[in-house]
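Novice: What the sequence shown shows, in this note's numbering, is residues 316 to 522, in sequence order.
This is the structure, below, for whatever I ask next.
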Amino acid sequence: MLKIKDQMQFMKFMKLCAARIGSLFNATEIGAEIGVDGKTISHWLSVLQASYLVTLLPPYYENISKRIVKTPKLYFNDPGLACYLLDIESPRQLELDKMRGAIFENMIVMECIKHRTNQGKEGNVFFYRDSNQNEVDILVKEEGQLYAIEVKSAMTYQPTFEKTLRKLPEWTSTPITRRAVVYTGDFENTAGEIWLLNYKHIGQMWD
């Protein structure tokens, strides 16, 4: 499909994409590392998108009162492929790898996108980041309202996980239906303003 002249360059591109899961996608930066121009990287990326291998998550900037980032983030549709490209060969290795948090976030992002797809809907899954580095990992917009999710691969809850979720209503006039921290721990709490959910129960966000 791409008529790639140098397979090694393309494989390096794929590996660099995997190493940037959850990061803002910069075609020029990646091209400089590989030795090709930004247009080539953008072309390669468009084919990966058309092949359902990667997804670009757009930033949310509707009714936002602060200066915000407008560059999308990169995720793999199959986190297993990302692990392969990162040379992660076992669950044990993944537990210890520096990319554990990013891959876990990738999985939760794709679960939210699948939620929309299974309803026959497309898009409306975003992230939030402003010029002061305030960030919310996932915003899902449904029927004019937002579901906000902070993703943590930790097994132990920390109050700091909720910091940006608590401030989010100050920055957008869009109604926020539910806010939640999704993590790997077993303790859950859906009684407060901000829910705490084990990742296996993320479906409760929309129940």
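C-beta: ideal position from N, C-alpha, C; glycine also.
On the criterion of 16 or more Cβ atoms from any shown chain inside 10 Å, does lysine 429 qualify as buried, or is it exposed?
Specialist: exposed
Novice: Looking at the secondary structure, which residues open and close the beta strand (DSSP E) in which tryptophan 510 lies?
Specialist: 509-513
Novice: Using the C-alpha atoms, what's the distance from glutamine 322 back to glutamine 519?
Specialist: 44 angstroms
Novice: What three-state label does DSSP hand aspartate 456 in the structure shown?
Specialist: Reading the sequence as shown, one finds lysine at residue 456 and not aspartate. It is a strand residue.
Novice: How far does the alpha helix (DSSP H) with isoleucine 383 in it extend, from its first residue to its last?
Specialist: From DSSP, isoleucine 383 is part of no alpha helix (DSSP H); its letter is neither H nor E.
Novice: Check each candidate in Tyr375, Met329, Asp522 and Asp452 and name the one with the smallest Cα separation from asparagine 421.
Specialist: Asp452
Novice: Under 8 angstroms by Cβ, that's how I've got lysine 388 and serine 446 pegged, so tell me the actual separation to the nearest angstrom.
Specialist: 16 angstroms between Cβ atoms; not a contact.
Novice: In the DSSP assignment, what residue or residues form a beta bridge with glutamate 450?
Specialist: According to DSSP, glutamate 450 shares a beta bridge with Arg444.
Novice: I think isoleucine 383 touches tyrosine 376, with their Cβ atoms under 8 angstroms apart; what is that distance to the nearest whole Å?
Specialist: 5 angstroms
Novice: Let me check understanding here. Comparing Cα to Cα, which of Trp486, Lys478, Thr487 and Pro484 lies closest to valine 496?
Specialist: Lys478
Novice: If you check the beta carbons only, do tyrosine 462 and arginine 493 fall under 9 angstroms apart?
Specialist: yes
Novice: With DSSP run on the structure shown, which of helix, strand or coil describes valine 351?
Specialist: coil
Novice: So, with DSSP's three-state summary, where would you put phenylalanine 340?
Specialist: coil
Novice: Compute the distance between the beta-carbons of threonine 370 and valine 424, then report whether it is under 9 angstroms.
Specialist: yes
Novice: Would you list the residues sitting across from valine 496 in a DSSP beta bridge?
Specialist: BP columns for valine 496 point to Glu465 and Leu511.
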